[in-house]
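**Q** Have a look at this one.
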Amino acid sequence: KQEVTQIPAALSVPEGENLVLNCSFTDSAIYNLQWFRQDPGKGLTSLLLIQSSQREQTSGRLNASLDKSSGRSTLYIAASQPGDSATYLCAVSSTGNQFYFGTGTSLTVIP
Amino acid sequence: EAGVVQSPRYKIIEKKQPVAFWCNPISGHNTLYWYLQNLGQGPELLIRYENEEAVDDSQLPKDRFSAERLKGVDSTLKIQPAELGDSAVYLCASSALSVSDTQYFGPGTRLTVL
């Protein structure tokens, strides 16, 4: 069974800093990897989707990379803002059409 | 374009009572997912539908949980009878295609079993 780990579990940074969130998975046979954002009491919002054949995806201040061979993905947030405060989750879809989420990283950006 | 709609948003019931959750996916999305999310954890897939067919229900506790997606559009997830450990957020998501596509989530239903 695929296991997805996110480190750190919580992160606090001052506004304006660049930061990196990490996601690792145990089985490299994946279809894609997605990064989501979840605000308290709300559902998940998709941020970036990386297909297994891709190395990275960018959207605004966000950049996600994927290294299948090492079972790792990173989400880079540039020039962080207080509005970026949320929990960030990564999810992988594996062969057999299974979906696995990590436990998330809770990000706080301090004004 | 309307997003994924779920109701109710909150539900409080006593143990052993039945409960049902409803989800209406984004129009045109063939794939529908039900997830369970415990506090501080990531979502766990309960069941996935492709149109009206349940193609993955391996994580659904079938002794008390059931789901249906009649006509391949909206879906209902039911628990009967509910147990204390069922308290969680139940999330519905949909995607246009199958596993290769972005999932769009609803706001979830927060269930509290007393």
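If you're matching them up, the sequences are chains A and B in order. Using my numbering, read the first sequence as starting at 45 and increasing by one per residue. Using my numbering, read the second sequence as starting at 21 and increasing by one per residue. Beta carbons are placed, not taken as given, at the ideal position from N, Cα and C, and that holds for glycine.
(1) Indicate whether at least one CB of chain B lies closer than 8 Å to the CB of G148(A).
(2) Name the chain A residues whose beta carbon is nearer than 8 Å to that of Q37(B)?
(3) With a cut-off of 8 Å on the beta carbons, I'd call K31(B) and L131(B) a contact; round off their distance for me.
(4) Would you kindly work out how many angstroms separate the C-alpha atoms of L52(B) and C112(B), rounded to a whole number?
(5) Can you say whether R89(B) is buried or exposed, counting buried as having 16 or more other CB atoms within 10 angstroms of its CB?
(6) What do you reckon, are the CB atoms on A128(B) and T147(A) nearer than 8 Å?
(7) Suppose contacts are defined by Cβ-Cβ distances below 8 Å. Is E34(B) in contact with L97(B) by that definition?
(8) DSSP puts T152(A) in a beta bridge; with which residues?
(9) Starting from the beta carbon of L65(B), find every residue of chain A whose beta carbon is closer than 9 Å, and list them in chain order.
(10) Skipping 5 residues on each side, what residues in its chain have a beta carbon closer than 6 Å to that of A53(A)?
**A** Reading off the structure:
(1) Reading the first sequence from its first residue, position 104 is the one you call residue 148(A). Judged by the 8 Å Cβ criterion, G148(A) is in contact with chain B.
(2) Locating residue 37(B) in the second sequence gives position 17, where the first residue counts as 1. When 8 Å is used as the limit between beta carbons, Q37(B) is near no residue of chain A, the shortest such separation being about 24 Å.
(3) Residue 31(B) sits at position 11 when you count from the first residue of the second sequence. Residue 131(B) sits at position 111 when you count from the first residue of the second sequence. Confirmed, Cβ separation roughly 5 Å.
(4) By one-based count along the second sequence, residue 52(B) stands at place 32. By one-based count along the second sequence, residue 112(B) stands at place 92. If I take the Cα positions, the gap works out to 7 Å.
(5) The sequence position of residue 89(B) within the second sequence is 69, counting from 1. Around the beta-carbon of R89(B), 16 or more other beta-carbon atoms lie within 10 Å, marking it buried.
(6) Position 108 of the second sequence holds residue 128(B). Position 103 of the first sequence holds residue 147(A). The question names Ala, but residue 128(B) is Gly in the sequence shown. Contact: no.
(7) Residue 34(B) sits at position 14 when you count from the first residue of the second sequence. Residue 97(B) sits at position 77 when you count from the first residue of the second sequence. Not in contact: E34(B) and L97(B) (Cβ atoms no closer than 8 Å).
(8) For this step, residue 152(A) is matched to residue 108 along the first sequence. Paired residue(s): S56(A).
(9) Taking the second sequence and counting its residues from 1, the one referred to as residue 65(B) is at position 45. The contacting residues are Q142, F143, Y144 and F145.
(10) Position 9 of the first sequence, counting from 1, holds the residue named residue 53(A). Answer for A53(A): no residue qualifies.
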